[in-house]
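According to numbering that gives the first Met the number 0, the stretch in the sequence shown is residues 0 to 100, in order.
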Amino acid sequence: MEVNTISNLDAMVVTHRCPVCRKVHVMEVPAENYLARQLGAMLQDAYKDFNPMERTFLDERAGGYCPECQKMIFGTDYTSDKIMTEEEYLAKHEAAVEAAL
Ligand SMILES: [Zn+2]
Numbered sequence: 000m001e002v003n004t005i006s007n008l009d010a011m012v013v014t015h016r017c018p019v020c021r022k023v024h025v026m027e028v029p030a031e032n033y034l035a036r037q038l039g040a041m042l043q044d045a046y047k048d049f050n051p052m053e054r055t056f057l058d059e060r061a062g063g064y065c066p067e068c069q070k071m072i073f074g075t076d077y078t079s080d081k082i083m084t085e086e087e088y089l090a091k092h093e094a095a096v097e098a099a100l
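Structure representation (structure tokens):
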């Protein structure tokens with residue numbers, strides 16, 4: 000799992016390759032939540048505002064399955080608008096950069 004900070008340090012960008020489908024997914028996580036987890040908080044405490052699908056994606060110990068693979072494996076009904084494919088994430092930022100020009 001790879002993590003980068005963006006501009007103002009309010010958010011961490013978690014980049015993760017799903018161990019099943021090998022696709023890279025990206026999720027922006029508030030820095031305070033991410034740091035709480037790094038400092039030892041339980042997954043459900045550090046990410047209590049996130050749904051189970053998002054927590055599973057962020058759970059490096061449980062494999063960090065992407066949304067599509069979680070649906071396939073667990074049959075979960077959850078969805079997430081926070082977990083993006085690499086292409087969706089880049090497109091979103093391209094649009095933001097273009098809007099700022
Ligand atoms: Zn996957």
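From the three backbone atoms N, C-alpha and C, an ideal C-beta is built for every residue, glycine too.
- Residues whose Cβ lies closer than 7 Å to any heavy atom of ligand 1, listed in chain order: C17, V19, C20, K22, Y64, C65, E67, C68.
- In the pairwise beta carbon analysis, the region 37-50 is classified as not touching the region 9-21: fewer than three pairs are separated by under 8 Å.
- Going by DSSP, V13 is part of no alpha helix (DSSP H) but of the beta strand (DSSP E) stretching over 10-16.
- Looking from the CA of D9, the closest CA among E31, V19, P18 belongs to E31.
- Along the region 27-92, the beta strand (DSSP E) occurs as fully enclosed runs of 3 or more residues at 82-84, listed in sequence order.
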